[in-house]
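Remarks on the structure that follows.
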Amino acid sequence: MGEVSAGGKGERPAALAIGVPTARVAPRWWRSIAVRRFVFGYSLLTPAVLYVGLLVGVPFLFSLYLALSDASVGAPVARFVGIDNLLAAVESSTFRVALRNSLVFTLGAGIAKSILGTTLAFLLMQRFRGRKVVRALLVMPFTIPIAVSALGWKWMLDSQFSVINWALGRLHLIGAYGTDGWPVWLGQPALALASVMFVNVWRSFPFGAIVLMAGLTSVPPEVIDAAKVDGANFLQRLRQVIVPMIAPILLVGGLFDTVFTLSDISIVYLLTNGGPNGATEILPTLAYRVGIQAGALGRGAAISLFLFPLLLPAMVLLLRNLRRREW
Amino acid sequence: MPRSARRRAVRKHVLIYAGLAPFLVLAVFPILWMAITAIKQEADLYRMDVVPFWFNLPPTLKNFALLFWRTSYADWIVNTMSVSFWVSVITILTAVPAGYALARLKLPGAENLGIGIFMTYLVPPIILFLPLARVVSELGLQDSWWSLVVVYPTFTIPFCTWLLMGFFKTVPFEIEEAAQVDGCGQLGALLRVVLPVSWPGLVTAVIFSFTLSMQDFLYSLAFISVSDQKPVPLGVATELIRGDVYFWGSLMAGALLVGVPVAIVYNLFLDKFISGITGAAIK
Amino acid sequence: MARVTRREFMRFSGTVVAGASLATMLDARQAPAQIRGTTLRMLKWSHFVPAYDQWFDKFAQEWGEKNGVRVLVDHIPHLELPARYAAEFAAGAGHDLIYFVGQILTGHYYRNLVDMTDVAGRLAKKYGGWMPSATSAAQVGGTWYGIPDFFIAIPILWRKDLFDQHGLAAPDTWEKFRTAARTLKPTGHPTGIQFSHCNDANHNWRAVLYCFGAREADPSGREVLLDSKETREALRFAKALYEEGMTPEVFSWDDAADNRYLASGVACCIHDAISAYRTTEDTNPEVFRNTFVLPEAAGPGGERRNVGEPNVWAIWKFSKNVAAAKEFVEYVGDHQKEAMTASRGYNLPFLQGQYQKPMPVIGTDPKLHTLQDIGKITSFFGYPGPMSPPAQEVLTSFIIPDMFTRVARGQDIEATVGWGMGEIRRIYAKHQAG
Chain A
46 MGEVSAGGKG ERPAALAIGV PTARVAPRWW RSIAVRRFVF GYSLLTPAVL YVGLLVGVPF
106 LFSLYLALSD ASVGAPVARF VGIDNLLAAV ESSTFRVALR NSLVFTLGAG IAKSILGTTL
166 AFLLMQRFRG RKVVRALLVM PFTIPIAVSA LGWKWMLDSQ FSVINWALGR LHLIGAYGTD
226 GWPVWLGQPA LALASVMFVN VWRSFPFGAI VLMAGLTSVP PEVIDAAKVD GANFLQRLRQ
286 VIVPMIAPIL LVGGLFDTVF TLSDISIVYL LTNGGPNGAT EILPTLAYRV GIQAGALGRG
346 AAISLFLFPL LLPAMVLLLR NLRRREW
Chain B
177 MPRSARRRAV RKHVLIYAGL APFLVLAVFP ILWMAITAIK QEADLYRMDV VPFWFNLPPT
237 LKNFALLFWR TSYADWIVNT MSVSFWVSVI TILTAVPAGY ALARLKLPGA ENLGIGIFMT
297 YLVPPIILFL PLARVVSELG LQDSWWSLVV VYPTFTIPFC TWLLMGFFKT VPFEIEEAAQ
357 VDGCGQLGAL LRVVLPVSWP GLVTAVIFSF TLSMQDFLYS LAFISVSDQK PVPLGVATEL
417 IRGDVYFWGS LMAGALLVGV PVAIVYNLFL DKFISGITGA AIK
Chain C
70 MARVTRREFM RFSGTVVAGA SLATMLDARQ APAQIRGTTL RMLKWSHFVP AYDQWFDKFA
130 QEWGEKNGVR VLVDHIPHLE LPARYAAEFA AGAGHDLIYF VGQILTGHYY RNLVDMTDVA
190 GRLAKKYGGW MPSATSAAQV GGTWYGIPDF FIAIPILWRK DLFDQHGLAA PDTWEKFRTA
250 ARTLKPTGHP TGIQFSHCND ANHNWRAVLY CFGAREADPS GREVLLDSKE TREALRFAKA
310 LYEEGMTPEV FSWDDAADNR YLASGVACCI HDAISAYRTT EDTNPEVFRN TFVLPEAAGP
370 GGERRNVGEP NVWAIWKFSK NVAAAKEFVE YVGDHQKEAM TASRGYNLPF LQGQYQKPMP
430 VIGTDPKLHT LQDIGKITSF FGYPGPMSPP AQEVLTSFII PDMFTRVARG QDIEATVGWG
490 MGEIRRIYAK HQAG
């Protein structure tokens with residue numbers, strides 16, 4: 046912030062210097078270049094700020110109010126209870142398990158997605174026969190509505206009719222149906238959590254690849270050529286030239302996906318509804334169940350906003366650092 | 177020389193295909209399975225004694241017929257496409273100027289505004305849909321797909337603004353300055369110079385707006401209960417599951433009919449902007 | 070147009086129900102003239118017997134035509150209803166007539182629901198009074214804020230052929246149920262009850278608890294009574310039943326999985342609504358012929374308690390057509406017999422006079438006729454307390470299925486009861502503080 050406004054001030058004298066000698070009347074401040082740029086800039090920003098501010102900012106204050114009150118679905122005008130809802134959440138072991146699962150889910154799936162997405166992006170940038178078909182096939186998990194593909198997965202992971210088990214069974218990798226060697230994907234705690242994470246990864250890794258490819262396209266070839274001339278090998282070019290240049294896009298994509306994964310309920314809701322015994326419960330499904338289905342809005346809001354105080358400063362720092370970078 | 181070049185090309189292809197194979201299995205197997213399910217007869221689904229990848233009863237188009245003749249699927253497609261289109265339009269019209277202003281014009285306070293825009297993601301939709309229901313109702317849009325056109329930009333604008341910021345930053349300042357010297361105003365420079373150079377970013381933004389609009393379930397569930405106003409995901413998931421009866425074939429058919437064409441269209445776009453860059457970046 | 074196509078869809082998806090003759094019905098009250106020319110929008114769930122929805126939509130249209138009311142019926146899956154209601158309430162607009170199923174939100178919304186005591190009184194007078202256990206689904210503080218429509222019973226469905234082959238007695242006690250499962254599992258026919266986060270798990274394990282003599286809350290609904298010897302016995306029993314008679318599949322099951330288990334011919338017996346019986350009838354006639362139904366198994370003390378799933382009508386205060394909504398609800402109450410027929414015996418009435426034998430469908434099917442008395446042993450979640458908001462939250466949070474799951478997976482019973490009681494008491498305390 047400080048640097049930016051300093052830069053702004055720095056330009057003003059120059060503008061005046063141009064304006065003063067030519068103007069016979071008193072200099073009109075609104076015609077100075079800096080001011081014109083501000084007016085122009087802020088009017089460009091206004092639609093987005095207004096849209097998001099009105100439709101999310103104001104409702105957000107409402108959710109904060111909910112989280113600090115004992116509101117229920119039928120009685121939103123409620124008593125202020127401070128951080129009681131947060132305390133109630135922390136006391137409950139169901140909540141603590143959901144918090145842990147959320148973190149495992151988001152981090153684990155995030156790491157898997159970035160590895161797969163990066164590898165895929167570099168593979169898809171190559172020239173090879175059939176790449177158009179291959180690319181079309183690979184973006185499909187991302188274009189099919191998740192509410193339906195999750196149901197498809199539910200069917201593929203069914204305890205009785207799972208096609209995956211059928212295939213593994215034919216390869217003699219698992220035992221027969223009805224024995225302990227038959228995996229029940231959504232029924233064994235560790236497998237269930239792995240399965241819902243897997244579906245999240247399956248659905249989102251093409252997203253990572255597209256973001257990365259888009260980012261790579263914005264690196265001017267001259268820059269890379271220059272690095273090549275300087276004798277940098279592939280890994281050096283990657284680390285010293287490409288990654289710094291596409292860092293903003295990567296970071297925004299990564300943050301976006303992280304936040305989306307943290308708040309997405311559809312996969313868990315459709316596949317396991319948090320079961321068995323909370324093994325796949327994550328914060329958004331718990332918040333939805335407590336706040337909406339059981340009607341305790343205040344406690345639901347508190348659960349869903351629980352990570353907010355942690356995420357907010359982390360994101361501000363990351364985004365600020367990102368914007369500051371100059372190249 | 178030609179022979180060794182050829183051998184290198186073959187080796188490269190083998191490597192690339194080997195690298196892609198696991199991705200293809202991962203991405204395509206479920207979709208292939210969905211496609212097979214979509215043209216299978218119901219009774220064929222519940223048999224594990226025979227190869228599930230093939231048809232033990234003759235394939236059928238019954239599941240597609242059910243979609244089109246017994247549900248409002250045609251309406252759902254039109255609704256989904258309309259919602260996605262308008263959301264993309266609104267997103268581009270707001271995120272492009274905002275992204276440009278944040279990336280290029282050193283505005284006091286802009287940084288915080290930009291971060292504020294992104295922060296809106298931290299507001300969970302499972303709570304946000306309640307106040308938005310009020311907004312939708314005040315606008316008279318309850319039970320109309322236009323309600324989604326109003327609501328979806330709340331999650332497409334922030335992402336696309338920041339995505340475009342990244343793209344705008346990579347445009348060299350000199351290009352823009354040259355345009356301004358040539359007599360374009362700032363707006364002219366944006367429209368005539370910066371946008372054309374950043375079109376991979378624009379395409380990416382449109383792709384994401386479009387797809388994200390097709391991924392929502394909760395908002396459409398909360399705002400739309402009338403059959404012919406539903407978008408595809410909501411319609412399929414609420415009308416093809418009846419109690420404990422899942423119309424698996426039609427569910428899968430309904431998902432593929434929107435997912436596959438969109439994937440093909442994306443690919444055309446992707447192809448354009450990827451072929452625009454040289455392999456030099458990677459080789 | 071959309072509604073026409075949906076009706077066609079129903080026709081496609083379920084067997085066609087012969088329209089029960091209107092002549093056998095009691096004369097409906099003449100609807101008041103002021104509702105003519107109005108529109109009535111209602112929201113219902115997608116019934117587990119698709120043919121019922123088909124019948125219901127037609128039934129509602131016919132009522133509308135007769136009374137000059139434009140009737141619009143929307144259906145969504147029952148689990149998604151609470152989200153829609155929260156949105157409608159926040160918006161202050163939506164459907165004129167709404168419907169609670171499973172998740173009974175009367176206690177949350179009653180301040181914003183229309184008093185329907187008049188309708189409840191008239192129906193009670195005509196049909197011999199309400200079942201005592203029903204009232205808490207629709208009443209708050211003695212006022213009717215809803216009208217119970219029907220409930221779904223969850224009986225035992227068992228394969229007589231398999232039982233007979235091994236000389237096993239009908240599973241009319243939980244001990245016999247367990248013996249049968251233990252005997253038949255090695256032959257490839259285990260039993261299965263969901264140890265997962267789904268509605269059936271909530272109802273089935275509550276039935277086991279209540280049959281073993283455990284009680285969820287005191288009749289006032291203020292005190293939690295689950296910390297008991299009986300609860301521990303029920304948990305111990307469930308662990309044995311799982312180990313001897315089930316496979317780990319049950320940890321992943323949803324509401325439909327046990328239906329498939331029966332219909333595919335694997336299960337020796339299940340504890341589920343008769344939609345499973347109907348699914349089997351439609352898909353596997355051989356198994357269906359050998360599937361029999363018992364209202365409930367008795368616990369060690371001889372107690373039989375079935376846990377039903379209640380369905381309740383309600384009207385928003387912001388409804389634009391309260392008069393027509395009330396008329397329609399009463400009309401539905403007058404036509405429960407047709408509803409029973411259309412639902413293939415799935416819907417059971419809350420009005421005691423409607424239990425006169427023979428009842429439609431279940432009175433004429435020799436395998437189902439014992440269900441005519443199930444109303445006498447039916448209770449609901451929270452028993453013997455009311456279906457209050459805390460009891461609802463305990464239900465929605467799947468604490469009781471989770472307790473059973475923990476024990477089945479080998480956790481200590483004392484520790485599990487301690488955990489469950491902690492979670493449940495915390496919920497009750499939160500609601501009582503408010």
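Protein chains in written order, with our numbering: chain A, 46 to 372; chain B, 177 to 459; chain C, 70 to 503.
Virtual Cβ for every residue (Gly too), placed ideally from N, Cα, C.
Since this is a predicted model, take the numbers as computed values, not measurements.
Beta-carbon gap between residue i and residue j smaller than 8 angstroms
i: R191(C); j: E399(C); result: yes
i: F509(C); j: P470(C); result: No statement about residue 509(C) is possible, as the shown extent of chain C runs from 70 to 503 and does not include it.
i: V362(C); j: L437(C); result: yes
i: G543(C); j: G370(C); result: For residue 543(C) there is no data in the structure shown, the boundaries of chain C being 70 and 503.
i: N375(C); j: A159(C); result: no
i: L420(C); j: Q405(C); result: yes
i: I192(B); j: F173(A); result: yes
i: N318(A); j: H266(C); result: yes
i: Y328(B); j: S389(B); result: yes
i: P407(B); j: V263(B); result: no
Residues near residue i by beta carbon distance below 8 angstroms, same chain, minus five either side
i: I268(B); result: C336, L378, A381, V382, S385
i: N443(B); result: none
i: A129(C); result: M111, V140, V142, F397
i: S90(C); result: The pLDDT assigned to S90(C) is 38, lower than 50, so where the model puts this residue is not dependable; a value taken from the coordinates is nonetheless given after this. Nothing listed; no residue qualifies.
i: K238(B); result: Q217, G425
i: V326(B); result: V311, V312, L315, L317
Per-residue contacts from residue i into chain C (C-beta, under 9 angstroms)
i: W230(A); result: S321
i: G290(B); result: Going along chain C, no residue has its Cβ under 9 angstroms from G290(B), so there is no contact; the nearest lies around 30 angstroms.
i: V118(A); result: P151, Y154, A155, F158, A159, L174, H177, Y178
One or two residues paired with residue i in a DSSP bridge
i: M111(C); result: V142(C), L166(C)
i: N416(C); result: I221(C)
i: Q208(C); result: W213(C)
i: N380(C); result: V170(C), F219(C)
i: S117(A); result: A120(A)
i: N375(C); result: T447(C)
Any non-hydrogen atom of the ligand ATP within 7 angstroms of residue i CB
i: P317(C); result: In terms of ligand content, the structure shown is empty, and the ligand ATP therefore cannot be addressed.
Neighbour list for residue i in chain A, Cβ cutoff strictly below 7 angstroms
i: D471(C); result: N322, G323
Residue i: contacting residues in chain C (beta-carbon distance under 7 angstroms)
i: I337(A); result: P151, A152, A155
i: F399(B); result: A156
i: Y222(B); result: S333
Cβ-based neighbour list, residue i, same chain, cut-off 7 angstroms, excluding 5 preceding and 5 following
i: D96(C); result: With a pLDDT of 45 at D96(C), under the threshold of 50, the predicted position of this residue should be treated as unreliable, and no value is reported.
i: R180(A); result: L169
i: E352(B); result: A365, V369, V370
i: P147(A); result: One detail in the question is off: residue 147(A) reads as Ser in this sequence, not Pro. L307, I327, L328.
Proximal residues of chain A, C-beta to C-beta of residue i below 8 angstroms
i: Q461(C); result: A339, G340
Neighbourhood of residue i by C-beta distance below 6 angstroms, restricted to the same chain and skipping five residues each side
i: T511(C); result: No statement about residue 511(C) is possible, as the shown extent of chain C runs from 70 to 503 and does not include it.
i: R475(C); result: T485
i: S248(B); result: S403, D404
Proximal residues of chain B, C-beta to C-beta of residue i below 7 angstroms
i: H266(C); result: Within 7 angstroms Cβ-Cβ: nothing; H266(C) doesn't reach chain B, min ~16 angstroms.
Q | Near-chain B residues of the segment 289 to 309 of chain A (beta-carbon distance less than 8 angstroms), N- to C-terminal order | A | M290, I291, P293, I294, V297, G298, L300, F301, V304, F305, S308
(Q) For the segment 323 to 344 of chain C, list every residue whose C-beta sits within 7 angstroms of some C-beta in chain B, in sequence order. (A) D324, A325, N328, S333, S344
**Q.** Members of the segment 303 to 325 of chain B that neighbour chain C once the beta carbon cut-off is set at 9 angstroms
**A.** F305, L306, P307, L308, A309, R310, V311, V312, S313, E314, Q318, D319
**Q.** chain E contacts from the segment 118 to 138 of chain A (Cβ-Cβ distance under 7 angstroms)
**A.** No chain E appears in the structure shown, which is made up of the protein chains A, B and C.
Q. For the segment 175 to 201 of chain A, which residues have a CB atom closer than 8 angstroms to at least one CB atom of chain B, in sequence order?
A. K177, V179, R180, A181, L182, L183, V184, M185, P186, F187, T188, I189, P190, I191, A192, V193, S194, L196, G197, W198, W200, M201
Q. Can you list, in chain order, the residues of the segment 418 to 436 of chain B whose Cβ is nearer than 9 angstroms to any Cβ on chain C?
A. R418, G419, D420, V421, Y422, F423
Q) Name the residues in the segment 436 to 454 of chain C whose C-beta lies less than 9 angstroms from a C-beta of chain B; which are they? A) none
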